[in-house]
Amino acid sequence: QIFDVAVIGATSLVGEAVLEILDEREFPVGNFFAVGEGSQVGKTVSLGAQDADVEDLASFDFSKVRLAFFASTAAAATAHVPRAVAAGCIVIDGSSEFRRDADVPLVVPEINPEAIAQHKGIIASPSCATIQLTLALKPIRDIAGIERINVVSCQSVSGTGREGVEELAKQTADLLNFREAQTKVYPKQIAFNLIPQIGGFLDDGQTQEEANIVFETQKIFADPSIQVNATAIRVPVLYGHSATMNLQTKQKISADKARECLAEAAGITVIDDQQNGGYPTPASDISGKDDVFVGRIREDISSSLGLNLWVVTDNIRKGSALNIVQIAELLVRNYL
Ligand code: 2RA
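Next up, the structure:
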């Protein structure tokens with residue numbers, strides 16, 4: 015069986031990766047439509063051997079396709095996902111727009127694939143930060159339970175999209191050439207800096223991204239009792255989100271046992287040599303790779319049930335596009 019598909023936001027970083035991954039993994043695509051907004055419209059993109067000119071989202075007729083992959087902004091998803099569903103499409107949405115809806119499954123295929131069965135036309139893919147966090151937690155939670163997580167999520171500029179990558183590159187070039195850095199995308203200079211803000215501020219002092227990590231972790235594990243404390247920082251890294259996690263487990267798990275169960279888990283690669291350079295880093299180890307990389311696995315010397323992990327992932331692939339395509343693979347294999 016083959017499926018007619020549309021990729022919305024086809025020229026975005028995530029949209030391009032969706033096209034690449036659909037082709038790489040030989041997803042059963044029939045007719046393919048590329049869809050976008052503004053200056054994206056009219057550009058040509060390809061999915062394997064099929065070329066397509068980007069059509070305008072405002073007038074795109076979703077009844078032409080069975081599956082719509084939204085790699086767009088939350089605003090575009092808000093405006094057009096309901097229209098796509100009404101036209102009979104199943105939407106896999108990478109934006110934050112529908113993740114909190116009780117009717118919308120939020121899926122990481124290695125963790126809660128069964129949630130797909132509950133969909134009513136929309137399946138959401140979590141934030142890149144939550145995907146890496148939950149994947150690294152799952153094997154440990156299965157063995158020892160999780161009481162509490164304290165995570166510092168260090169997010170690269172590609173998480174913002176192409177404009178984030180361009181801002182870091184331009185500011186870096188300007189500053190190295192003794193020119194003033196212009197700040198457009200982020201609230202402060204990102205080159206040679208760290209910004210402890212991703213998304214707007216909420217009444218409780220969290221930022222939106224921090225609140226997303228908390229909510230999404232509990233929803234994916236269907237366990238509101240997991241306590242999550244998150245700090246999200248934008249870092250001057252082009253590709254690859256990293257996180258340092260301190261876990262409080264319910265039962266004691268040794269660093270050796272944690273290393274062993276992480277190494278055996280699907281979708282995870284352990285790099286943990288406990289010597290110079292024996293850990294994953296965003297710039298040198300993970301770009302273009304599918305797995306979540308884990309290192310610096312060690313017991314918390316201040317707490318007998320504490321464990322520390324360092325987790326790094328290509329935020330465009332497993333953090334976004336690959337997770338979206340894996341959801342579609344499960345959907346067509348088991349439910350269509
Ligand atoms: C970010 N995690 O990097 C968010 C959404 N992509 O900004």
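Per the numbering used here, the sequence shown runs over residues 15 to 350. Glycine included, each C-beta is placed from N, C-alpha and C at the ideal position.
Review point. By a C-beta neighbour count over all protein chains shown, 10 Å radius and 16 as the cutoff for buried, is Ile16 buried or exposed?
Key: The count along the sequence shown starts at 1 and reaches residue 16 at position 2. Counting Cβ neighbours within 10 Å, Ile16 comes out exposed, since fewer than 16 surround it.
Check your understanding: Taking 7 Å as the cut-off, is the CB of Cys142 close to at least one heavy atom of the ligand 2RA?
Key -> As a first step, residue 142 must be located in the sequence shown, where it is residue number 128. For the ligand 2RA, at least one heavy atom lies less than 7 Å from the Cβ of Cys142.
Review point. For Thr144 versus Glu34, is the C-beta spacing smaller than 8 Å?
Key: Residue numbering aside, residue 144 sits at position 130 when the sequence shown is read from its first letter. Residue numbering aside, residue 34 sits at position 20 when the sequence shown is read from its first letter. Their beta carbons are not under 8 Å apart, which means Thr144 does not touch Glu34 by this criterion.
Check your understanding: Considering only residues of the same chain and omitting the five flanking positions on each side of Val306, which have a CB-CB separation below 7 Å?
Key -> One-based indexing of the sequence shown puts residue 306 at position 292. Same-chain partners within the cutoff: Gln146, Leu149, Ala150, Gly281, Ile282, Val325, Thr327 and Lys332.
Exercise for review: Assign Pro42 to one of two classes, buried (16 or more other C-beta atoms within 10 Å of its C-beta) or exposed (fewer than that).
Suggested key: Position 28 of the sequence shown, counted from the start, is the residue given in the question as residue 42. Exposed, by the Cβ-count rule.
Point to revise | Rounded Cβ spacing between Val12 and Ala66 (contact assumed at less than 8 Å) | key: The requested residue 12 is not part of the displayed model; the chain covers only 15 to 350.
**Study point:** Residue range of the unbroken beta strand (DSSP E) whose run includes Asp364
**Key:** Examination of residue 364 is not possible in this model, given that the chain is present from 15 through 350 alone.
Review point. Cβ-heavy atom distance between Ile247 and the ligand 2RA below 7 Å?
Key: In the sequence shown, residue 247 corresponds to position 233, counting from 1. Because no heavy atom of the ligand 2RA lies under 7 Å away, the Cβ of Ile247 does not count as near it: no.
**Study point:** For Glu313: DSSP bridge partner residues
**Key:** Here residue 313 refers to the residue found at position 299 when the sequence shown is read from its first residue. Bridge partners of Glu313: Leu321.
Check your understanding: Of the choices Asp286, Val179, Ser141 and Ala279, whose alpha-carbon is the least far from that of Val249?
Key -> Locating residue 249 in the sequence shown gives position 235, where the first residue counts as 1. The residue with the shortest Cα to Cα distance from Val249 is Val179.
Practice item. Pull up the distance between the alpha-carbon of Val32 and that of Ile240, whole angstroms please. Key: The residue given as residue 32 occupies position 18 in the sequence shown. The residue given as residue 240 occupies position 226 in the sequence shown. Cα to Cα, Val32 sits roughly 31 Å from Ile240.
Practice item. List the endpoints of the continuous alpha helix (DSSP H) containing Ile130. Key: Within the sequence shown, numbered from 1, the residue matching residue 130 stands at position 116. Element bounds for Ile130: n/a, residue is neither H nor E.
Practice item. Mind listing, in chain order, the continuous beta strand (DSSP E) runs of no fewer than 3 residues lying wholly within the region 71–150? Key: 81–84, 104–107 and 136–138
Check your understanding: Quick one: is Lys233 buried, meaning 16 or more other Cβ sit within 10 Å of its Cβ, or exposed?
Key -> Within the sequence shown, the letter at position 219 stands for residue 233. Classification for Lys233: buried.
Check your understanding: Fully enclosed by the region 234–270, which beta strand (DSSP E) runs are 3 residues long or longer?
Key -> 241–248 and 255–263
Review point. Run through DSSP, which three-state label would Arg162 get?
Key: Counted from its first residue, the sequence shown places residue 162 at position 148. Strand, per DSSP.
Check your understanding: With 16 other CB atoms within 10 Å as the buried threshold, where does Phe206 fall?
Key -> The count along the sequence shown starts at 1 and reaches residue 206 at position 192. Exposed.
Check your understanding: Can you tell me the Cα-Cα spacing of Glu111 and Gln289, whole angstroms?
Key -> Position 97 of the sequence shown, counted from the start, is the residue given in the question as residue 111. Position 275 of the sequence shown, counted from the start, is the residue given in the question as residue 289. Rounded to the nearest angstrom, the two C-alpha atoms are 42 Å apart.
Point to revise | C-alpha gap between Val121 and Phe235, whole angstroms | key: The count along the sequence shown starts at 1 and reaches residue 121 at position 107. The count along the sequence shown starts at 1 and reaches residue 235 at position 221. If you take the alpha carbons of Val121 and Phe235, they lie about 10 Å apart.
Exercise for review: Please work out which residues of its chain come closer than 8 Å, Cβ to Cβ, to Asp217, disregarding the five sequence neighbours upstream and downstream, and give them in chain order.
Suggested key: Within the sequence shown, the letter at position 203 stands for residue 217. Nothing listed; no residue qualifies.
Point to revise | Nearest to Thr263 (by Cα), restricted to the options Phe76, Val99 and Pro153 | key: Here residue 263 refers to the residue found at position 249 of the sequence shown. Among Phe76, Val99 and Pro153, the Cα nearest to that of Thr263 belongs to Pro153.
Check your understanding: Under the rule that 16 or more other beta-carbon atoms within 10 Å means buried, what is Glu223, buried or exposed?
Key -> What you label residue 223 is simply residue 209 of the sequence shown in a count that begins at 1. Glu223 comes out buried.
**Study point:** Endpoints, beta strand (DSSP E) assigned at Val284
**Key:** Taking the sequence shown and counting its residues from 1, the one referred to as residue 284 is at position 270. From DSSP, the beta strand (DSSP E) with Val284 extends over Ile282 to Val284.
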